[in-house]
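Structure first, then comments.
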Amino acid sequence: MDQPVKLVPLVCIQCGTPVPANPDEVAWVCGQCGQGLLLDHNQGLVELKISYSAGIPAGRSGKPFWVVEGKVMLNRETYRGDNNRESQQFWSHPRRFFIPAFACPLDTLVQFGAAYLAEPPDCREGAPAPFDPVVLTMEDVRYALEFIVVGIEAGRRDLMKEVQFSFELSQPELWVLP
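Below, the structure written as structure tokens:
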């Protein structure tokens, strides 16, 4: 049986101020009190800690990213060539993943994810700043990460036939980066 449509009042859980929201948005900052808010499918609006990078220039907007610590367990099969050792070494220790939470094409999501995995951005805490709308749900972080891992593995010099992997991931955190 399908669940009925449920209307969730978008008012700040701390001060009761209405939250202006656009279609597809899933996280906001209350304009009155600064409380971070996340639309949870089961609980409605819930508190969300939002961290801001010190690298965001004053007066500029940032881009939201879900940041998750995790380990990738991976097995790959190739037609020819063998970068399995390189792949196993790359994924052998925990990683910090940065997944774009803003609207972007899939190839852009994969490019950001791979680039920030290779060279992580500055995550020193800074002052709050405006940021692009958050449209990627916390539940979709795992799926986005699958695309990033496949993109990285497909970019290796051997001819990959198949890749199987699983994750151990921490709870995603929202960071606003330059």
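Numbering (our numbering), first residue to last: 96 to 273.
Cβ coordinates follow ideal geometry from the N, Cα and C atoms, glycine included.
All values derive from a computational prediction rather than experimental measurement.
Stretch pair the stretch 249-262 + the stretch 210-223: three plus CB contacts closer than 8 Å: no
Which listed residue (T203, V114 and S265) has its alpha carbon closest to that of L105: V114
The stretch 176-190 contacting the stretch 198-211, beta-carbon criterion three pairs below 8 Å: no
Within the stretch 155-225, ranges of the alpha helix (DSSP H) (whole runs, at least 4 residues): 179-185 and 201-213
Close beta carbons around G246, own chain, < 7 Å, minus the five adjacent residues each side: V205 and A209
For V114, three-class secondary structure by DSSP: coil
Enclosing beta strand (DSSP E) for E268 [first to last residue]: E268 to L272
Continuous alpha helix (DSSP H) stretch holding I243: start and end: V236 to A249
L134 - containing beta strand (DSSP E), residue span: G131 to D135
Cβ-Cβ separation, W161 to L269 (assumed contact under 8 Å), whole Å: 6 Å
Whole-Å CB distance - S265 paired with V167, under 8 Å assumed: Actually they do not touch by this definition, with Cβ atoms about 13 Å apart.
Exposure label - V100; buried when at least 16 CB within 10 Å: exposed
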